[in-house]
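Participant: Here's a structure for you.
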Amino acid sequence: MPRKRALGAATVAILKSIMEGHRFGLDMMEVTGLPSGTVYPTLARMEARSYVESEWEDPASAKADGRPRRRYYRVTPEGARAVSEALSRLGALASGTPHAVELP
Amino acid sequence: MSRWLLKLWARWVPLVQRDRWVEEWQAELAALESRDSKRSPLQRFWTTTRFSWGARAHAFELARLSASESLPVMMMMTTMMRDLRFAVRSFRRTPGFTVVAIATLALGIGASTTMFSVLDAVVLRPLPYSAPDELVMVGSTSQRFPGLAPASPADFNDWREQSASFSHLIATEGWTLDLTDADRPTRISSAAVSGGFFEMLGAVPMLGRGITPEDDTEGAEPVVVISHGLWERRYGSDPGVVESRITTADQTFTVVGVMPETFEHPEAMWSDDVDIYMPTSQTGSDMTTRNGRFLQVMGRLSPGTSLFQARQEMSAIASALAEQYPQNIGRETLIEPLQSETIGDVGRALTLLTSAVGLLLLIACVNVANLFMARASDRAREIAVRTALGAGRARIRAQMLTEGVVLSLVGGFAGIGLAYLGVSVFRAVNPAGIPRVEAVSVDARILAFAVLLSVATGIAFATAPALRLGRSGALAALRSGVRAGGAIGGQRFRNTLVAVELGLAVELMIGAGLFVNSFLRLQSVDPGFDAEDAVTMAITLNSRYESAEQQVVFFEQLLDGVSAQRGVVSAAYTSALPLAGESYLTGLNIEGREVDPANRDIAEYSTTSPGFFSTMGMDVVGGRDFTRTDDASAEGVLLVNEAFALRYWPGEDPLGKRISLSRREPVWQTVIGVVEDVSRRGLDEPAAPEIYRSPPQSGIENAQIVVRTDGDMAGAVAHLRRIVGELDPTLPIEFGTLEGYVARSVNQSQFYTQLFSAFALMALVLAGVGVYGTMSYTVGQRTRELGIRLALGAEAAQVTGMVARQGLAVAAVGLAGGLIAATAGARIVESFLFDVGVRDPVTYLAGVLVLALVAMAACWIPARRAGRSDPVRALRME
Chain A
33 MPRKRALGAA TVAILKSIME GHRFGLDMME VTGLPSGTVY PTLARMEARS YVESEWEDPA
93 SAKADGRPRR RYYRVTPEGA RAVSEALSRL GALASGTPHA VELP
Chain B
2 MSRWLLKLWA RWVPLVQRDR WVEEWQAELA ALESRDSKRS PLQRFWTTTR FSWGARAHAF
62 ELARLSASES LPVMMMMTTM MRDLRFAVRS FRRTPGFTVV AIATLALGIG ASTTMFSVLD
122 AVVLRPLPYS APDELVMVGS TSQRFPGLAP ASPADFNDWR EQSASFSHLI ATEGWTLDLT
182 DADRPTRISS AAVSGGFFEM LGAVPMLGRG ITPEDDTEGA EPVVVISHGL WERRYGSDPG
242 VVESRITTAD QTFTVVGVMP ETFEHPEAMW SDDVDIYMPT SQTGSDMTTR NGRFLQVMGR
302 LSPGTSLFQA RQEMSAIASA LAEQYPQNIG RETLIEPLQS ETIGDVGRAL TLLTSAVGLL
362 LLIACVNVAN LFMARASDRA REIAVRTALG AGRARIRAQM LTEGVVLSLV GGFAGIGLAY
422 LGVSVFRAVN PAGIPRVEAV SVDARILAFA VLLSVATGIA FATAPALRLG RSGALAALRS
482 GVRAGGAIGG QRFRNTLVAV ELGLAVELMI GAGLFVNSFL RLQSVDPGFD AEDAVTMAIT
542 LNSRYESAEQ QVVFFEQLLD GVSAQRGVVS AAYTSALPLA GESYLTGLNI EGREVDPANR
602 DIAEYSTTSP GFFSTMGMDV VGGRDFTRTD DASAEGVLLV NEAFALRYWP GEDPLGKRIS
662 LSRREPVWQT VIGVVEDVSR RGLDEPAAPE IYRSPPQSGI ENAQIVVRTD GDMAGAVAHL
722 RRIVGELDPT LPIEFGTLEG YVARSVNQSQ FYTQLFSAFA LMALVLAGVG VYGTMSYTVG
782 QRTRELGIRL ALGAEAAQVT GMVARQGLAV AAVGLAGGLI AATAGARIVE SFLFDVGVRD
842 PVTYLAGVLV LALVAMAACW IPARRAGRSD PVRALRME
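Going down the list, the protein sequences come from chains A and B. For any residue, its number in our numbering is found by taking its place in the first sequence, counting from 1, and adding 32. For any residue, its number in our numbering is found by taking its place in the second sequence, counting from 1, and adding 1.
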């Protein structure tokens, strides 16, 4: 089992982008500005932690558009909880409250 | 370019995810290309390549994630496989060690698995009835008839009415029916049972119905329920058998039900199968009498009633009945669980034998542990090299444990094979008439037991050397050469094992010795009659021979016919043959002796024809035998045995004394002779007082004809068969020999003795091998030291003596320990012994002596080798 460490900024950004509806890898890259070498490994890690799930596009609709079917990602409730936790921590860090400084 | 990169990275993706991974990336790439379509080709190439380059990180991440999940398991598997392969290789290098170890284990595990199968099926498994824990046997007991003695019908009825502890209370009585509706009359063992008998046991008939309380009333239609076996044999499994008729010479019954194959009468578990069940009301016995006690009572405790509560209630009822009826004075009730009653002594014997075999297994384990220890010391150098090359202690221990488990599993499977063999032999022979033996089998549970046993033994004997080995310093072992490594500490441990092994073997030897001793004494008991060359024939008359006169006429014709044949020395008959399980008791009054109604005098009772005693080879020591003139019209006469004369008329002349067997007004009969005592119930039981009556004066329906021959027993059987056929072909007959009855009376004891001896013998061999192995090994280890001693001028005899002395010191400790343990534990065999004390000094001495001799031989051979060793060669070996 991968250890549950606090989510990093890049991870939070990727998860957040998925939650906002960018469910395709390429879209995430464009929204977050992160390179493919960061986005995809993060997705793999998050899937292993069950923070995201993935599903395959309906082959019929892919065929209609004349392209290979895509893999779409979705954030699980557990993942959403982790994101909001991380966001509050990052937010506290950004606003410079003493509480946040005491964090290990 | 980008496609080529994806192909390259894909090789890192775990196989199960690979196709999906490629598909995902192709989709991503396609999307990227469609979005970039407006840019220049060079730009497009650059973005797609950069994009595909990122797939490498994804592939590596997936590989890392999957590895972190499966890597430890995979590593363990590879290690285990490597250990296994290594174990097999090293066993193949030392075939001698391997074969001895596997054979030892197979023997130990095979013997214990066989015994455990028997114990499990016969003793441990619950009886095949619903809620068997609630089933009990209820007996009437008194000082004179201890144990679960049968109850009188009147008592049974009172118990049934007054007690609240039982949801069911039923009576049963062994019975036989002679069926006459087939070509040949056949005798069927039957049981008379109260209505509700099957219901109480929770048994449902396969066809038809059981016996109801209405069937069991006076004047009800006679009905029977038949066994599955009889249904198959006699009715060819005809489903229409219900409502058909069964006829005996006296009665016609309607078959109302067939029991399933699995059903057995509880008492049939230790005697014959019961094939016909009939209501007790159909036996013609007086079902209201308080004087005759012939009903075996069983019950089911009501829900929530404990055995203790039932005992209390029944005890109160018994006291009330004793106050009410003089016949019940001194009578108590006894309630025992059906399970323990059914299994009884056999259960104790099997438990004992299973413990004995457990000791044997322990010896086998110790032996293999010893072999392993020796082997481990031999491998000290190999281990040292491996340690030096970086193998951790844990790795080496795991390797040793793997070897132990592999070896014991192989031994275990061989043992299971032996157990299959042992169980089938056991079932086929069943020499001791053990109940429920048909249920004995090697089933899944037993297999699990054997495999667990194997693994446990493997771990047990491999652990000690593994622990010791981990400790030995690698460098020291490498530096000092092969021989010295780990020898000193290992030696002490091996000596301890040998001592323990000898001690266990002594215990088994002494136990077996006690059994053998007891059996020899039992066999040498003189039964009081001459068993050789005598044929017996059991025959039962039917209702056509109603009066004593008709009965006697038939038997006299039969005897006259047989006696006239060639090869027949003499012939006679009796109502109860000694050692044939036939024993009847009668109450009696002796003239001039005060009558105590609670404790009426009793004696064994049988009817014997004139010439019976001389035919049997029993001496009439005073007075005379019966003659044909002692008939119904003559004066009532009796013979008594010596035990009777001694009990009631010590120092007096019994001839002319008078006895009455009548319960009410005395009907005096005169003692005309005294006969030598015989063993009636068993060779191990002292003769009880007996009286013998003349057939015309008592009547006789069931008889055993005894024919003494000049050796041609087959001829006598043929004569008997022909003559009975001429006189009355409807009578069922059954042949036997006096020798057969004597042999059967001791075969249980013989069987236990043989089994116990076999275990002890195996223990002896294993212990001998153990001592020999350890001694040889020690001598091998000390080659150099002994060589130096010899080179410095020690005599060969001195060296031999020194080595042998050291071995024998270990043996002596083991023998002493075993002797103490045997003395302490001997009490558990006490109840199986006849005429031998549990501390019989001769047996103890013999047991220790035999093992001491074996130990000496096992020490002497290697010791002599030590004395003969060539000093030059011994020194050069280093």
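Glycine included, C-beta positions come from ideal geometry on N, C-alpha and C.
How is the beta strand (DSSP E) around methionine 714 of chain B delimited, first residue to last?
Facilitator: First-last for methionine 714 of chain B: 714-728, but that is the alpha helix (DSSP H), not the beta strand (DSSP E).
Participant: For alanine 58 of chain B, go through chain A and note every residue whose CB falls closer than 7 Å to its CB, in chain order.
Facilitator: Per Cβ cutoff of 7 Å: Gly69, Tyr72, Pro73.
Participant: What is the DSSP secondary structure of glycine 683 of chain B, counted as helix, strand or coil?
Facilitator: Reduced to three states, the DSSP call for glycine 683 of chain B is coil.
Participant: Chain A beta carbons: is any one of them nearer than 7 Å to that of glutamine 18 of chain B?
Facilitator: Closer than 7 Å: no.
Participant: Residues of chain B with a CB under 8 Å from the CB of alanine 45 of chain A: which are they?
Facilitator: Here the premise fails: no neighbours, minimum Cβ distance about 16 Å.
Participant: Can you check the stretch 13-42 of chain B for any alpha helix (DSSP H) of at least 4 residues that lies completely inside it and give the ranges in chain order?
Facilitator: DSSP runs (the alpha helix (DSSP H)) wholly in the stretch 13-42 of chain B: 16-36.
Participant: For the stretch 81-102 of chain A, which residues have a CB atom closer than 7 Å to at least one CB atom of chain B, in sequence order?
Facilitator: Here the close residues are Arg99, Pro100, Arg101, Arg102.
Participant: My parser needs the alpha helix (DSSP H) runs of 4 or more residues fully inside the stretch 306-348 of chain B; what are they?
Facilitator: You should have 308-325.
Participant: Closer than 7 Å by beta-carbon distance: list the chain B residues that pair up with leucine 58 of chain A, in chain order.
Facilitator: Going along chain B in sequence order, the residues near leucine 58 of chain A (Cβ under 7 Å) are Glu29, Ala32, Leu33.
Participant: Out of B/Glu786, B/Gly140, B/Gly97, B/Ala132, which one is the CA nearest neighbour of alanine 319 of chain B?
Facilitator: The residue with the shortest Cα to Cα distance from alanine 319 of chain B is B/Gly140.
Participant: If we ignore side chains and look at the alpha-carbon of each, how far apart do leucine 498 of chain B and leucine 816 of chain B end up?
Facilitator: Rounded to the nearest angstrom, the two C-alpha atoms are 13 Å apart.
Participant: Start and end of the beta strand (DSSP E) containing aspartate 97 of chain A?
Facilitator: Segment 91-97 is the alpha helix (DSSP H) holding aspartate 97 of chain A; no beta strand (DSSP E) there.
Participant: So, valine 1 of chain B versus valine 441 of chain B, is the Cβ gap smaller than 7 Å?
Facilitator: Nothing about residue 1 of chain B can be reported from this structure: the residues present for chain B run from 2 to 879 only.
Participant: Can you check whether the CB of glutamine 705 of chain B is closer than 7 Å to the CB of threonine 844 of chain B?
Facilitator: No; because the gap between Cβ atoms is not below 7 Å, this pair is not in contact.
Participant: In three-state DSSP terms, what is proline 611 of chain B?
Facilitator: Of the three classes helix, strand and coil, the one that applies to proline 611 of chain B here is coil, per DSSP.
Participant: To the nearest whole angstrom, what separates the beta carbons of aspartate 531 of chain B and methionine 617 of chain B, a pair I think is in contact under 8 Å?
Facilitator: Yes, they are in contact, since the Cβ atoms of aspartate 531 of chain B and methionine 617 of chain B sit about 7 Å apart, within 8 Å.
Participant: Given that tryptophan 5 of chain B touches chain A, what residues does it touch there, using C-beta distances under 8 Å?
Facilitator: Near tryptophan 5 of chain B there are no residues of chain A at all, since even the closest Cβ is about 16 Å away, more than 8 Å.
Participant: Apart from the five residues just before and just after leucine 108 of chain B, which ones in its own chain have a Cβ nearer than 7 Å to its Cβ?
Facilitator: Contacts found: Ala365, Met763.
Participant: So is serine 832 of chain B buried or exposed if we call it buried at 16+ other beta carbons inside 10 Å?
Facilitator: The residue in question, serine 832 of chain B, is exposed, as its Cβ has fewer than 16 Cβ neighbours within 10 Å.
Participant: Evaluate proline 651 of chain B with the Cβ neighbour count: other Cβ atoms within 10 Å of its Cβ, from every protein chain shown; 16 or more gives buried, anything less gives exposed.
Facilitator: Answer is exposed; the Cβ neighbour count stays below 16.
Participant: Using a Cβ distance threshold of 8 Å, determine whether the stretch 623-637 of chain B contacts the stretch 693-702 of chain B, with at least three qualifying pairs required.
Facilitator: Yes, they touch.
Participant: Does the stretch 799-808 of chain B come close enough to the stretch 854-873 of chain B to have 3 or more Cβ pairs within less than 8 Å?
Facilitator: Counting Cβ pairs under 8 Å, three or more are found: they touch.
Participant: Could you tell me if glutamine 328 of chain B is buried or exposed, where buried requires 16 or more neighbouring beta carbons within 10 angstroms of its beta carbon?
Facilitator: Its Cβ being crowded by 16 or more others within 10 Å, glutamine 328 of chain B is buried.
Participant: Report all residues from its chain with a CB closer than 8 Å to the CB of isoleucine 189 of chain B; omit the five preceding and five following residues, and keep chain order.
Facilitator: Once the five neighbours on either side are set aside, the close Cβ partners of isoleucine 189 of chain B are Thr177, Leu178, Asp179, Leu180, Leu231, Asp276, Ile277.
Participant: Is lysine 8 of chain B buried or exposed, if buried means 16 or more other CB atoms sit within 10 Å of its CB?
Facilitator: Label assigned to lysine 8 of chain B: exposed.
Participant: Taking glycine 57 of chain A as the reference, which of A/Val71, A/Glu110, A/Ser82 has the closest Cα?
Facilitator: Nearest option by C-alpha distance: A/Val71.
Participant: Please classify threonine 627 of chain B: does DSSP put it in a helix, a strand, or coil?
Facilitator: As written in the sequence, residue 627 of chain B is phenylalanine, which differs from the threonine given in the question. Phenylalanine 627 of chain B: coil per DSSP, three-state reduction.
Participant: Between the C-alpha atoms of valine 107 of chain A and proline 67 of chain A, what's the straight-line distance to the nearest angstrom?
Facilitator: Valine 107 of chain A and proline 67 of chain A: Cα-Cα distance of roughly 20 Å.
Participant: State yes or no: is the C-beta of isoleucine 212 of chain B within less than 7 Å of the C-beta of glycine 196 of chain B?
Facilitator: Result yes, Cβ atoms of isoleucine 212 of chain B and glycine 196 of chain B sit closer than 7 Å.
Participant: Could you check which residue in B/Gly781, B/Asp711, B/Gly623, B/Gly683 has the C-alpha nearest to that of valine 672 of chain B?
Facilitator: Checked all of B/Gly781, B/Asp711, B/Gly623, B/Gly683; the closest Cα to valine 672 of chain B is B/Gly623.
Participant: Can you find a CB in chain B that lies within less than 7 Å of the CB of alanine 76 of chain A?
Facilitator: Answer yes: the Cβ-Cβ gap between alanine 76 of chain A and chain B drops below 7 Å somewhere.
Participant: Which chain A residues are close to tryptophan 54 of chain B, counting only those with a beta carbon under 9 Å from its beta carbon?
Facilitator: Those within 9 Å of tryptophan 54 of chain B in chain A are Pro67, Ser68, Gly69.
Participant: Name the residue from B/Asp871, B/Asp729, B/Gln340 whose alpha carbon lies nearest to the alpha carbon of glutamate 796 of chain B.
Facilitator: The candidate whose alpha carbon is nearest that of glutamate 796 of chain B is B/Asp871.
Participant: Check valine 800 of chain B in the structure and name its three-state DSSP category.
Facilitator: Residue state, collapsed to three classes: helix.
Participant: What residues in the stretch 63-97 of chain B have a beta carbon less than 8 Å from any beta carbon of chain A?
Facilitator: Per Cβ criterion, the list reads Leu63, Leu66, Ser69, Glu70.
Participant: Secondary structure at glutamate 117 of chain A, three-state DSSP: helix, strand or coil?
Facilitator: Of the three classes helix, strand and coil, the one that applies to glutamate 117 of chain A here is helix, per DSSP.
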